[in-house]
Amino acid sequence: MHLNDAAPVPPANPSHGSYHWTFERLVAAGIVPLTVAPFAAGSLNPTTDAILCALLLIHSHLGFQVLVTDYIPKKRFPTARKGFSWGLNAVTALVGLGLYEFETNDVGVTELVSKLWHA
Numbered sequence: 001m002h003l004n005d006a007a008p009v010p011p012a013n014p015s016h017g018s019y020h021w022t023f024e025r026l027v028a029a030g031i032v033p034l035t036v037a038p039f040a041a042g043s044l045n046p047t048t049d050a051i052l053c054a055l056l057l058i059h060s061h062l063g064f065q066v067l068v069t070d071y072i073p074k075k076r077f078p079t080a081r082k083g084f085s086w087g088l089n090a091v092t093a094l095v096g097l098g099l100y101e102f103e104t105n106d107v108g109v110t111e112l113v114s115k116l117w118h119a
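By the UniProt record's numbering, the letter at position 27 of the sequence shown is numbered 27, and the numbering carries on one by one without gaps.
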């Protein structure tokens with residue numbers, strides 16, 4: 001296979017096609033009410049805060065995963081692609097751990113936003 005050959009068409013996979021797209025849209029749509037709800041209700045709930053953090057983490061991971069897939073082609077940069085994929089997974093886990101620590105041992109994301117808003 002040469003550099004200018006046509007890209008091979010992958011086999012159809014419904015679980016990675018429309019279901020994947022639908023999952024991404026549901027996560028993105030779920031972030032909107034969870035961002036507004038704590039302030040509209042006038043109370044900050046740790047469960048709602050944790051769900052918001054989880055959705056933000058998943059949304060960010062999926063977005064960066066698309067960047068790695070689109071801009072680091074496996075065909076030309078197989079080692080770099082694998083390295084960036086593993087790096088993204090490691091950073092996502094580290095951010096998840098940081099959010100968990102911030103939620104359990106500090107004020108949490110929505111309380112921080114509330115304090116910054118009223119400062």
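Here a beta-carbon is modelled for each residue, glycine too, at the ideal position from N, C-alpha and C.
Looking at the backbone, the Cα of residue 62 and that of residue 42 are separated by about 31 Å. Contact between residue 85 and residue 68 holds, since their C-beta atoms are separated by about 6 Å, short of 8 Å. Here the alpha carbon of residue 88 sits roughly 34 Å from the alpha carbon of residue 40. For residue 38, the enclosing alpha helix (DSSP H) starts and ends at 18 to 41. In the three-state scheme derived from DSSP, where H, G and I count as helix and E and B as strand, residue 95 is classed as helix. Minimum Cα-Cα distance from residue 50 among the listed residues 30, 64, 66 corresponds to 30. Residue 111 places its beta carbon 7 Å or farther from that of residue 55. Annotated three-state conformation of residue 8 is coil, per DSSP.
One thing to note: residue 99 has its Cβ within 7 Å of the Cβ of residue 53. DSSP places residue 55 within a helical segment (H, G or I) once states are collapsed to three.
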